[in-house]
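Take the sequence shown: its position 42, counting from 1, is numbered 42 in the UniProt record's numbering, and each next residue is one higher.
C-beta: ideal position from N, C-alpha, C; glycine also.
Here is the structure we will look at, set down as structure tokens.
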Amino acid sequence: MGKAVMSGIESCFVGCGVWHGKERGGLSVRRRRVVAVRSELGERTGKKASFGEGRRTEKVSGEDADEREDCGWDKVEELVDVLVEKLSGKKIDVVLGITRGGMVPAVLMCEKMKLRNLMSATVMFYTDSGSRFYGLTHPSFLHFPEDQLIEGRNVLIVDDVWDTGRTARSVRERVIRAGGEPSVAVLHFKPYRNQFEDGPDFFAETTDSWIMYAWEPSPDGSPDESS
């Protein structure tokens, strides 16, 4: 990855505590079979479309389900390049990165696509008692751009992974309420864990593995199922 891009990412995240350090050495990324994945959008839109024609990893079952897959910087940049190619020619007024995992690919995509209007959204899910619980479908937005910055604009929502779909869908619905035209792009799509009829508009690859991205700290043994 270019030094300029890496420097830009570090400057964006060191101050807010998101940056966890450089790529861990010696991590390998399994080579995956590539196929096309198509489906229908849900009842909310009533439109037929594909889920972005991303590359798909073979479905894993049994003891290997949710096995860890390390996604180092070289792989991240490869996946970002796939998304940039898919987005070629699409009008984008605002790139909206979902914190924290979506901010790194959002910055990289802005660099590669020469886009400057980068914003962020932070969403959490809570129980009635106020404790964090990712299983709920009702989000609480800790941060979101003012509506006038979104209204009437084509907004590209970027996240690292579409897992259950709760987070990206919540941000997409919030963009719609603000009067924007949203589309969602993710590095990885997990169709087997998706809890909704629809999915991301653009994705680079599908998998059912637990993805450990280069910017994440060492795992504690359990995957984050918030996305």
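- Annotated as distal: SER120 and LEU156, with beta-carbon spacing of 8 Å or more.
- Annotation note: the UniProt domain "Phosphoribosyltransferase" (76-218) contains the following uninterrupted alpha helix (DSSP H) runs of length 4 or greater, listed N- to C-terminal: 103-113, 147-150 and 166-177.
- GLU67: not part of any beta strand (DSSP E); DSSP gives it neither H nor E.
- Apart from the 5 residues on each side of it in sequence, PHE202 sits with its Cβ closer than 8 Å to the Cβ of GLY52, GLY54, LEU83, LYS86, LEU87, SER183, VAL184, ALA185 and VAL186 in its chain, given in chain order.
- If the five residues before and after ASN154 are omitted, its C-beta is found closer than 6 Å to the C-beta atoms of LYS91, ILE92, ASP93 and GLU181, all from its own chain and listed in chain order.
- By the neighbour-count criterion, in which a residue is buried when 16 or more other Cβ atoms sit within 10 angstroms of its Cβ, PHE189 is buried.
- Between the C-alpha atoms of MET113 and GLU173 there is a straight-line separation of about 25 Å.
- Taken atom to atom, the span from the alpha-carbon of ILE98 to that of MET124 is near 11 Å.
- Proximity to ASN194 across PHE144, GLY165 and ASP208 peaks at GLY165, based on C-alpha coordinates.
- Rounded to the nearest angstrom, the gap between the Cα atoms of GLY102 and GLY152 is 23 Å.
- Here VAL158 is near VAL95, since their CB atoms are less than 8 Å apart.
- LEU108 is classed as buried because its beta carbon has at least 16 other beta carbons within 10 Å across all chains shown.
- By the Cβ neighbour-count rule, ARG177 is exposed, with fewer than 16 other Cβ atoms within 10 Å of its own.
- Our two residues, ALA168 and THR122, have alpha carbons roughly 11 Å apart in a direct line.
- With respect to PRO105, ASP160 sits close: the two C-beta atoms are nearer than 8 Å.
- Between PRO191 and HIS143, the alpha-carbon positions lie close to 28 Å from each other.
- Shown here for LEU115: same chain residues with a beta carbon closer than 7 Å to its own, the five before and five after excluded, namely ILE92 and VAL95 in chain order.
- Counting of Cβ neighbours within 10 angstroms places ASP198 among the buried residues, the total reaching 16 or more.
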